[in-house]
Amino acid sequence: MAADAHGKSTEIAASFALLGATVLALVLANSGLAGAYKAVLATEIRLGIGGWELADQVKGWIKNALMAVFFLFVGLEIKYEFRDGTLSDPRRAALPFAAAAGGMALPAAVYLLMVGGDPALAGGWAIPSATDIAFAVGVVGLLGARVPVTLKAFLLAVAVIDDIGAILIIALFYTAEVHPWALVGAGVTAAVLLGMNLGGVRRLGPYMLVGLVLWVFFMESGVSATLAGVLLALFIPLRVAPGAEGPGHSPLHLLMAKLKPGVLFLIMPVFALANAGVPLGGLGVEALAHPVTAGIALGLFVGKPIGILACVWLATRTGLARLPAGATWLGLLGVGWLAGIGFTMSLFIGVLAFESEGLMDQVRLGVLAGSTLAALAGVAVIMAAARRAPGLAPKPA
């Protein structure tokens, strides 16, 4: 994520676009247009060449095609952060890794506690473990100088590691029936991409073409097609060709710059529009107390900040890491709450976890409630921390 003024304004604008799409989805789902809204999402679209064909509903294409591009962008950010960014220094990366581990484990535990031993509901355990980078960074941008730069970097690092965890969870736990022949094809295609990278190919066109083939194999494999985007990102070169312009002109940076507007202002809002619409008619205590809804909401609102803060305390007490310069425990709590804005990633994992539309309504309600409460609490705590004297900051261990 860009750190300059233009980058901050972009993140803020993107968070408003995402919020606007969410509000629109709720309006459509609770108006006379609800039937048309569902019908459009259920419309089948077929693509094929000769005897080969891919067919899915509009909602499925958004999940498998648009979100594959989203995960390509996420994968590029992850690769950059590990090679040249905040996670490239093991000493700096130790604290956000510890925080992210707690911020993923405790929300999952809270969810499983709420659903008890019901195997039909336990599959949603990973839903409250995710952090929505766009929303969280957008809120931080709105808070401006109230959030120290070091805490902003900490939140970004935690969110990036959260994304890595979400990707691994999707690959390991949310896979349908696997077709080995397609996985073999995906492996061969990945080997081609590796050969291109090692062979010094620096033009983006060949990577995107082979990446499309990789995506088709994933679509046929039974493994989430979005993982094709992540895998493709790993092979996009981060270094420029000899004699080329500076590092900002590497294939990875150029592709990130090209994808960012579309991801932030089209793909994420469209995904929210397709997945955030939950009927609110007759909403009462019973709906909010549903194990799935309560588990997700409490996981995001309670599990996230406590898990992050507990692991930060443990990492600093054991000498594994040090607190970010200028950080206070109150400020860290606020950032931990902002990490509880799960939204896009949480909804996406929910779509993979549950096929029942009734359960998905509970997922949507839990994600919206938990993310909203976490955002409000995070803003309130960070503003309170900003009013406190800098001298109250804890000394690094």
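Under the numbering used here, the sequence shown is numbered contiguously, ending at residue 422.
Note that the Cβ used here is the ideal one computed from N, Cα and C, for glycine as well.
Since the model is a prediction, treat every value here as computed from it, not as a measurement.
Exposure of Trp206, with buried meaning 16 or more beta-carbon neighbours within 10 Å: exposed
Please give the ranges of any alpha helix (DSSP H) in the segment 320-368, keeping only runs that are unbroken, at least 4 residues long and fully inside the region. 329-342 and 354-363
Thinking C-alpha only, which one of Thr318, Ile407 and Ala119 is nearest Ala340? Ala119
Pull the bridge partners of Trp77 from the DSSP assignment, please. Ile74
Helix, strand or coil at Glu106 [DSSP, three-state]: helix
Beta-carbon within less than 6 Å of Ala22's beta-carbon, same chain only, minus the 5 sequence neighbours each way: which residues are those? Within the shown structure, residues of the chain are numbered from 26 to 422, placing residue 22 beyond reach of any answer.
Do you know how far the Cα of Ser381 is from the Cα of Ala151? 17 Å
Kindly indicate which three-state DSSP category Tyr199 falls into: helix, strand or coil? coil
Which same chain residues, not among the five before or five after Thr214, have their C-beta less than 7 Å away from its C-beta? Val235, Val238, Leu239 and Phe242
Is there a Cβ of chain D sitting closer than 7 Å to that of Val295, yes or no? Note that chain D does not occur in the displayed structure, where there is just one protein chain.
Identity of the residues DSSP links to Gln387 by a beta bridge: According to DSSP, which records beta bridges pairwise, Gln387 is partnered with nothing at all.
Helix or strand or just coil, what does DSSP make of Glu36? helix
Strand pairing of Glu69, partner residues [DSSP]: Gln82
Rounding to the nearest angstrom, what Cα-Cα distance links Met233 and Ile87 in this structure? 19 Å
Thinking C-alpha only, which one of Asn55, Ile74 and Arg108 is nearest Leu259? Arg108
Kindly indicate which residue of Ile321, Lys177 and Met244 has the alpha-carbon position closest to the one of Val147. Val is not the amino acid found at residue 147; the sequence shown has Ala there. Among Ile321, Lys177 and Met244, the Cα nearest to that of Ala147 belongs to Ile321.
Between which two residues does the alpha helix (DSSP H) holding Leu279 run? Pro276 to Gly287
Cα-Cα separation between Ile189 and Glu78, rounded to whole angstroms: 32 Å
Whole angstroms are fine: how far does the CA of Leu357 sit from the CA of Gly210? 45 Å
Report the three-state DSSP secondary structure of Ala301 (helix, strand or coil). coil
By how many angstroms is the C-alpha of Thr369 removed from the C-alpha of Gly128? 17 Å
So what's Ile87 in DSSP terms, helix, strand or just coil? helix
Report the rounded CA-to-CA distance for Ala349 versus Pro115, giving the unit in angstroms. Note on residue identity: the sequence assigns Pro, not Ala, to residue 349. C-alpha separation (whole angstroms): 14 Å.
Simplified DSSP assignment, three categories, for Glu382: helix
DSSP state of Trp150 mapped onto helix, strand, coil: coil
In terms of residues, what are the limits of the alpha helix (DSSP H) holding Asn55? Taken as a continuous stretch (DSSP letters only), Asn55 belongs to no alpha helix (DSSP H), as it is neither H nor E.
Only counting the same chain, and skipping five residues up and downstream in sequence, which positions put a Cβ closer than 6 Å to that of Gly224? none
Could you check the C-alpha separation between Val404 and Gly361 for me, to the nearest Å? 11 Å
Quick one: residues in its chain with C-beta nearer than 6 Å to the C-beta of Gly324, no 5 flanking neighbours on either side, listed in chain order? Pro132, Val135, Tyr136 and Pro153
Using only CA atoms, which one of Lys63, Thr200 and Leu219 lies nearest to Met244? Thr200
For Gly163 and Ala364, the rounded distance between their alpha carbons: 12 Å
Taking Ser396 as the reference, give the member of Leu298, Thr156, Leu180 and Ala64 with the closest Cα. Thr156
Please state the DSSP three-state secondary structure of Ile407. helix
Secondary structure of Val94, DSSP reduced to three states: helix
The alpha helix (DSSP H) enclosing Val217, as first and last residue numbers: Pro205 to Leu223
May I ask you to report which of helix, strand or coil DSSP gives Ser113? coil
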